[in-house]
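Protein chains: 2
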Amino acid sequence: MEVRRVTIKDVAEAAGVGVATVSRVLSGGSASPETRERVLAVAAQLDYRPSALGRNLRQRRTGGIGLLVPDLTDTFFGQVAEGVLACARSAGEPVVVGSTGDDPEQEAELVGMLLEQSVDRLVAVPSGGAETWLPVTRAGMTVVFADRLPGGPADDGLPGSTADLMLLDGIPARPPARAVADVPAVLADDRSGIRTAVRYLHGLGHRRIAFLGGPGHDRRVAAFREAVGAPVDEELVVFATGSRDSAYAAASGLFQSRPDLTAVLAAGNMLGEAAVLAARELDLRVPRDVSLVMYDDVPWAELCSPPLTVIAQPGRDIGYRAAELVLRGTGRRPRGVTLPTELIVRGSCGPRH
Amino acid sequence: MEVRRVTIKDVAEAAGVGVATVSRVLSGGSASPETRERVLAVAAQLDYRPSALGRNLRQRRTGGIGLLVPDLTDTFFGQVAEGVLACARSAGEPVVVGSTGDDPEQEAELVGMLLEQSVDRLVAVPSGGAETWLPVTRAGMTVVFADRLPGGPADDGLPGSTADLMLLDGIPARPPARAVADVPAVLADDRSGIRTAVRYLHGLGHRRIAFLGGPGHDRRVAAFREAVGAPVDEELVVFATGSRDSAYAAASGLFQSRPDLTAVLAAGNMLGEAAVLAARELDLRVPRDVSLVMYDDVPWAELCSPPLTVIAQPGRDIGYRAAELVLRGTGRRPRGVTLPTELIVRGSCGPRH
DNA sequence: CTGAAAGCGCTAACAC
DNA sequence: GTGTTAGCGCTTTCAG
Numbered sequence: 001m002e003v004r005r006v007t008i009k010d011v012a013e014a015a016g017v018g019v020a021t022v023s024r025v026l027s028g029g030s031a032s033p034e035t036r037e038r039v040l041a042v043a044a045q046l047d048y049r050p051s052a053l054g055r056n057l058r059q060r061r062t063g064g065i066g067l068l069v070p071d072l073t074d075t076f077f078g079q080v081a082e083g084v085l086a087c088a089r090s091a092g093e094p095v096v097v098g099s100t101g102d103d104p105e106q107e108a109e110l111v112g113m114l115l116e117q118s119v120d121r122l123v124a125v126p127s128g129g130a131e132t133w134l135p136v137t138r139a140g141m142t143v144v145f146a147d148r149l150p151g152g153p154a155d156d157g158l159p160g161s162t163a164d165l166m167l168l169d170g171i172p173a174r175p176p177a178r179a180v181a182d183v184p185a186v187l188a189d190d191r192s193g194i195r196t197a198v199r200y201l202h203g204l205g206h207r208r209i210a211f212l213g214g215p216g217h218d219r220r221v222a223a224f225r226e227a228v229g230a231p232v233d234e235e236l237v238v239f240a241t242g243s244r245d246s247a248y249a250a251a252s253g254l255f256q257s258r259p260d261l262t263a264v265l266a267a268g269n270m271l272g273e274a275a276v277l278a279a280r281e282l283d284l285r286v287p288r289d290v291s292l293v294m295y296d297d298v299p300w301a302e303l304c305s306p307p308l309t310v311i312a313q314p315g316r317d318i319g320y321r322a323a324e325l326v327l328r329g330t331g332r333r334p335r336g337v338t339l340p341t342e343l344i345v346r347g348s349c350g351p352r353h
Numbered sequence: 001m002e003v004r005r006v007t008i009k010d011v012a013e014a015a016g017v018g019v020a021t022v023s024r025v026l027s028g029g030s031a032s033p034e035t036r037e038r039v040l041a042v043a044a045q046l047d048y049r050p051s052a053l054g055r056n057l058r059q060r061r062t063g064g065i066g067l068l069v070p071d072l073t074d075t076f077f078g079q080v081a082e083g084v085l086a087c088a089r090s091a092g093e094p095v096v097v098g099s100t101g102d103d104p105e106q107e108a109e110l111v112g113m114l115l116e117q118s119v120d121r122l123v124a125v126p127s128g129g130a131e132t133w134l135p136v137t138r139a140g141m142t143v144v145f146a147d148r149l150p151g152g153p154a155d156d157g158l159p160g161s162t163a164d165l166m167l168l169d170g171i172p173a174r175p176p177a178r179a180v181a182d183v184p185a186v187l188a189d190d191r192s193g194i195r196t197a198v199r200y201l202h203g204l205g206h207r208r209i210a211f212l213g214g215p216g217h218d219r220r221v222a223a224f225r226e227a228v229g230a231p232v233d234e235e236l237v238v239f240a241t242g243s244r245d246s247a248y249a250a251a252s253g254l255f256q257s258r259p260d261l262t263a264v265l266a267a268g269n270m271l272g273e274a275a276v277l278a279a280r281e282l283d284l285r286v287p288r289d290v291s292l293v294m295y296d297d298v299p300w301a302e303l304c305s306p307p308l309t310v311i312a313q314p315g316r317d318i319g320y321r322a323a324e325l326v327l328r329g330t331g332r333r334p335r336g337v338t339l340p341t342e343l344i345v346r347g348s349c350g351p352r353h
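If you read the protein sequences in the order shown, they are chains X and C.
Residues in the first sequence are numbered consecutively from 1, following full-length UniProt numbering.
Residues in the second sequence are numbered consecutively from 1, following full-length UniProt numbering.
Written out as structure tokens, the structure reads:
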């Protein structure tokens with residue numbers, strides 16, 4: 001059943017040359033036109049495929065790149081993944097994917113697995129903080145973060161002094177350690193996206209705007225705080241964990257504890273989904289009773305009624321660019337790239353009532 | 001920068017034993033308790049990770065399993081992928097993922113890449129027909145299909161004689177070649193799902209029910225034809241290619257060419273999305289003017305208004321079971337498994353008007 | 001119970 | 001130009 005693979009030796013024998021010659025020909029080295037032709041012909045005829053295992057082992061190089069996302073069921077991360085896969089394919093590189101469930105432990109475990117596979121280039125939407133990522137970069141992995149940055153070790157969501165922290169897009173990123181802070185990242189311009197949304201809501205007359213966030217939305221809260229200006233009503237800032245249940249609970253709790261809020265900004269599409277559901281359950285009409293802006297322009301945003309006003313970020317591009325960075329080895333110039341967001345106004349926001 | 005990996009040799013030296021001993025200890029072989037302890041200690045201290053490359057090369061075994069899906073942006077396939085990843089992780093196996101875009105050519109290319117990586121176990125939602133898959137199985141790959149079966153070579157969607165074809169779930173699957181027909185598959189019980197939905201619509205008084213399908217929905221049309229019984233109005237059976245645009249065009253065209261239809265069955269969530277959009281664009285009210293049943297119970301189905309009545313199939317389970325099968329080597333007894341579907345009635349269907 | 005040695009498929013020196 | 005050879009890190013006989 002297990003058909004023995006055709007090896008370079010087989011090709012060499014069949015072509016009446018040495019293995020080195022075959023290797024050279026196949027990797028575009030020098031060879032007499034005649035030999036080259038013969039080898040190529042034989043290789044094709046035998047349907048020879050060089051074993052990546054052998055090659056990688058010999059070259060002590062990695063095969064492929066790794067991709068870690070929190071949840072492939074989330075359309076946005078699906079977009080990111082598609083971007084990474086597209087770029088990797090065009091480079092002929094395989095992609096080993098892992099889903100972390102937004103759990104630092106699973107994330108660490110998956111990284112270990114990648115290391116074992118000699119995959120030393122990684123695109124990650126990080127869940128864990130510096131304590132997870134410091135060892136990884138130190139292990140010699142080339143990593144590029146996508147969509148978000150690792151949170152600080154003490155992830156209380158409430159950065160204390162924001163004064164002497166490194167600024168990325170002007171948002172305190174609380175770089176937990178030098179090495180991790182130097183990891184390039186491909187991010188959406190959260191600051192501008194959130195600011196635009198908040199201004200839009202302001203313009204509509206809203207004053208009590210809630211923020212509904214999830215894991216990894218540190219930069220977005222920070223941007224929210226900045227955009228709102230003045231002291232933020234802390235009760236209006238709530239966080240869920242990664243699950244749908246948790247998102248729903250957070251949204252529902254928010255609406256019930258603060259019936260006076262007039263608008264909510266959901267920092268991710270799962271949060272947005274939860275907000276719509278919770279609002280409906282509580283007989284809150286959108287946008288009459290409450291206005292809603294959601295992060296991520298997923299296809300179904302348009303199907304809601306009313307269609308959801310969203311902050312669109314280019315998931316696919318984020319993935320593609322991250323893969324590009326990691327593939328080109330991120331030569332010095334580690335600073336990553338920031339992609340634009342866009343406020344797409346549909347029907348889920350109205351004037352304050 | 002590139003830190004040399006700790007190899008088995010390093011561990012052996014540090015522990016004052018031979019490499020063979022280290023290997024044995026780490027793979028649970030025999031060794032004196034004392035030696036074992038020492039080796040384990042040293043390995044842990046050095047943070048030694050055996051290289052999968054070396055191991056796999058030596059054992060001429062594959063590392064990991066492959067996963068090929070049409071599009072990770074489609075929530076359903078995201079669920080399937082999550083299932084596969086979950087199973088693979090619990091088995092400690094890495095997963096190499098590829099997105100085919102429902103294009104047989106890309107699919108073939110990706111399979112080639114997997115072969116090169118020595119990945120010889122594959123879970124696939126197939127796009128190509130027998131001509132793609134026959135060579136693959138013959139190359140010695142262990143493959144398990146998920147969610148659908150490869151279509152016939154002449155994929156006209158209109159099987160001619162259904163008499164002497166192999167029946168799977170009683171649906172003509174048009175097995176294009178012995179080898180491919182023997183590939184195990186994990187499928188949802190499309191036949192029952194579709195039948196239930198059609199009966200439900202019948203019960204509501206609908207007689208002109210349209211079928212909106214996409215790539216890989218051969219079994220579903222077949223089930224539709226069977227459920228409707230009698231000769232089906234062929235104008236009411238339309239197919240889109242994989243893209244969202246195509247789906248929209250198909251849906252829109254259907255509504256316009258046959259304004260007399262009263263219900264539509266969308267064979268996948270992207271088709272359902274398109275149907276909702278097209279209906280809205282044409283000022284068709286759901287369910288007053290047209291009833292809609294969609295395949296796949298994606299989270300947003302509930303967010304639509306009215307919430308969509310769906311045929312739910314367990315995407316995650318499908319992926320998980322498929323991975324299980326491919327991991328346990330699918331010992332003889334290739335027949336796969338069929339998982340139940342469920343009609344979830346929400347608000348998108350009403351009595352015929 | 002343990003070590004030495006042979007190779008898995010490949011590439012990169014190094015000879016010819 | 002082309003062949004020979006020495007490993008890459010690992011497991012697995014085969015002796016001791």
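For glycine and all other residues, C-beta sits at the position ideal for the given N, C-alpha and C.
The region 275-285 of chain X and the region 180-200 of chain X do not touch, with fewer than 3 CB-CB distances between them shorter than 8 Å. The count of Cβ pairs closer than 8 Å, one atom from the region 113-130 of chain C and one from the region 89-99 of chain C, reaches three, so the stretches are in contact. Close to residue 73(C), with beta-carbon spacing below 7 Å, are these residues of chain X in chain order: 75, 78, 79, 82. One Cα belongs to residue 41(C), the other to residue 140(X), and the distance between them is close to 23 Å. Ranked by Cα distance from residue 278(C), the first of 302(C), 145(C), 244(C), 309(C) is 244(C). Excluding its 5 nearest sequence neighbours in each direction, residue 8(X) has C-beta neighbours in its own chain below 6 Å: 19, 22, listed in chain order.
Secondary-structure assignment with DSSP links residue 285(X) through no beta bridge to anything.
In the structure shown, the three-state DSSP call for residue 99(X) is strand. Going by C-alpha positions, residue 49(C) is about 39 Å away from residue 149(C).
Residue state for residue 291(C) is assigned as strand, using DSSP reduced to three classes. With a threshold of 7 Å between beta carbons, residue 68(X) makes no contact with chain C.
At least one beta carbon of chain X lies nearer than 7 Å to the beta carbon of residue 49(C). Runs of beta strand (DSSP E) with 3 or more residues, each lying fully within the region 49-131 of chain X, are found at 65-69, 95-99, 121-124, listed in chain order. Across the UniProt domain "HTH lacI-type" (6-59) of chain X, CB contacts with chain C closer than 8 Å involve 49, 50, 51, 52, 53, 54, 56, 57, in sequence order along the chain. For the set 315(X), 252(X), 336(X), the Cα lying nearest the Cα of residue 79(X) is the one of 315(X). Taking 7 Å as the Cβ-Cβ cut-off, the region 114-129 of chain C approaches chain X at 115, 116, 117, 118, given in chain order.
Using a CB distance cut-off of 7 Å, residue 325(X) does not count as an interface residue toward chain C. Within chain X, 64, 94, 95, 96, 97 have C-beta atoms less than 9 Å from the C-beta of residue 96(C), given in sequence order. When the alpha-carbon of residue 47(C) is set against those of 6(C), 66(C), 77(C), the nearest one is in 6(C). The beta carbon of residue 25(X) lies closer than 6 Å to those of 31, 36, 39 in the same chain, with the five residues before and after it left out. Interface annotation, residue 273(X): in contact with chain C, CB-CB separation under 7 Å. Counted as a single uninterrupted DSSP element, the alpha helix (DSSP H) harbouring residue 34(X) occupies residues 33-46.
Under the three-pair Cβ rule at 8 Å, the region 105-119 of chain C counts as touching the region 52-60 of chain X.
As computed with DSSP, residue 186(C) is found in a beta bridge with 146(C), 337(C). Proximity of chain X to residue 276(C) at the Cβ level (cut-off 7 Å) is accounted for by 303, in chain order.
For residue 85(X), the chain C residues whose Cβ falls inside 8 Å of its Cβ are 72, 97, 98, 99, in order along the chain.
Only exposed fits residue 345(C), as fewer than 16 other CB atoms lie within 10 angstroms of its CB.
The shortest C-alpha to C-alpha distance from residue 293(X) to any of 67(X), 275(X), 303(X) is the one to 275(X). Residue contact check for residue 133(C) against chain X: no CB pair falls below 7 Å. Sequence-distant Cβ neighbours of residue 258(C) in its own chain, meaning closer than 8 Å and more than five residues away, are 208, 210, 235, 236.
Using a Cβ-Cβ cut-off of 7 Å, residue 351(C) does not count as an interface residue toward chain X, since no Cβ of chain X sits closer than that to its own.
Using a CB distance cut-off of 7 Å, residue 299(C) counts as an interface residue toward chain X. Under the three-state reduction of DSSP output, residue 196(C) falls in the helix class. For residue 213(X), the uninterrupted beta strand (DSSP E) segment begins and ends at 209-213. A distance below 7 Å separates the beta carbons of residue 339(X) and residue 317(X).
Taking C-beta atoms as the reference points, residue 190(X) and residue 227(X) fail to come closer than 7 Å.
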